[in-house]
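Peer 1: Heads up, the sequence shown stops at 261 in our numbering, and the numbers go up one at a time, no gaps.
Even glycine gets a Cβ: it sits at the ideal position worked out from N, Cα and C.
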Amino acid sequence: MPAFAPVASADEPQNRHVNRFLDSMVRESADAPLEFETPLPTRLASKRQQEDDMRDEYRRADYRRVKARQEPDFIDFSKFELGIFFGGAAFSSDFEADPSYVAGVLARVPVPGLPLGDWGIWGSLMISYISRDLPFYYAAKSGNWYGVSVGGDYTFWRDRIFHVRGQLGILYAHWNDIQALDNGIGVLAGVEFGFYWIKNYDKAVFGINPQLSYDGENAIMMLQLSFHVDF
């Protein structure tokens, strides 16, 4: 044992220095704030943000789809109406003609794209007959004549039983070479009283439609009874 004592005694100062150094490192480590890497919460937050973004995008897409469904087409061809009519036509005095029949086909389509009410576009093709009271030496005193009318309408009243529509348009009359009658265009105005064939069902309508056409000099008055169906 005495042989080893000097060696142990010689190492004591060095050990003390090592111990002090280790103690200082431990104290510094204890005083320093602990830092941990937290990748998991960051990933969770990122995933939640992605889910929120996806939900927002779905909401925007749903809003666009709902808005597209709510906004009607400018012209609604899904409610196209087609019908027939028959009635009478009377002529102003310059025609020198008695009243006669008028018959034809009609069509209408709503225009929901126009604001401030229930608008529509309509048209008709018609055939009628005229017999003029002229001297015997005129050959073409009578015969069929043909008309084409187009225009717009506005529904002033609609309920479960009937509707009332004002009409404004033009009428082109082709007189088929009847004596002293020139083909031409006149302004056409009318009112349609439409009665639903079945209560609350406006897809089948019986109409009463007085119309007046005027070209600046002469007039034609028509009273049409119509039946038209919304296809």
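(1) I'd like the ranges of any beta strand (DSSP E) spanning at least 3 consecutive residues and lying wholly in the region 123-201.
(2) Run through DSSP, which three-state label would F236 get?
(3) How about N206 and G173: do their beta carbons lie closer than 7 angstroms?
(4) Mind checking who G224 pairs with in its DSSP beta bridge?
(5) Can you look up D83 in the DSSP assignment and give me helix, strand or coil?
(6) If contacts are defined as beta-carbon pairs under 8 angstroms, then S256 and F110 qualify, I think. What distance do you get, rounded to the angstrom?
(7) Between the alpha carbons of S123 and V178, how many angstroms are there, rounded?
(8) What does DSSP give as the partner residues of L211 in its beta bridges?
(9) Applying the criterion that 16 or more other CB atoms from any shown protein chain within 10 Å of the CB defines a buried residue, is A119 buried or exposed?
(10) Could you tell me the alpha carbon to alpha carbon distance between F192 and I157, rounded to whole angstroms?
(11) If the criterion is Cβ atoms closer than 7 angstroms, does the pair L218 and Q241 meet it?
(12) Which same chain residues end up closer than 7 angstroms to Y168 when comparing Cβ atoms and leaving out the 5 residues on each side of it in sequence?
(13) Determine the burial state of W175: buried for a count of at least 16 other Cβ atoms within 10 Å of its Cβ, exposed for fewer.
(14) How about D260 and K229: are their beta carbons less than 7 angstroms apart?
(15) Taking the beta strand (DSSP E) that S108 belongs to, which residues open and close that run?
(16) Cutting at 8 angstroms between CB atoms, please list the residues of its own chain near D106, excluding the five before and the five after it.
(17) So, under 8 angstroms CB-CB, L144 and H258 are touching, yes? Tell me the CB distance rounded to an integer number of Å.
Peer 2: In brief:
(1) Qualifying beta strand (DSSP E) stretches, in chain order: 130-140, 149-161 and 172-188.
(2) Here F236 sits in strand by DSSP.
(3) Yes, Cβ-Cβ distance for N206 and G173 is below 7 angstroms.
(4) In the DSSP output, where bridge partners are listed per residue, G224 has H193 and G237.
(5) Secondary structure at D83: helix, using DSSP grouped into helix, strand and coil.
(6) Beta-carbon to beta-carbon, S256 and F110 are separated by about 15 angstroms, too far to satisfy the 8 angstroms threshold.
(7) CA-CA distance, S123 to V178, rounds to 22 angstroms.
(8) Beta-bridge pairing links L211 to no other residue.
(9) When all chains shown are included, A119 counts as buried.
(10) Taking the straight line joining both Cα atoms gives about 28 angstroms.
(11) Yes. Within cutoff.
(12) Spatial neighbours of Y168 in its own chain (CB-CB distance under 7 angstroms, excluding positions within 5 residues in sequence) are listed in chain order as Q209.
(13) Burial call: buried.
(14) Taking 7 angstroms as the Cβ cut-off, D260 and K229 do not qualify as a contacting pair.
(15) Element bounds for S108: n/a, residue is neither H nor E.
(16) For D106, same chain residues with a beta-carbon under 8 angstroms away, outside a window of 5 residues either side, are V139, P140, V141 and P142 in chain order.
(17) Between H258 and L144 the Cβ distance is about 21 angstroms, and since that is not below 8 angstroms, they are no contact.
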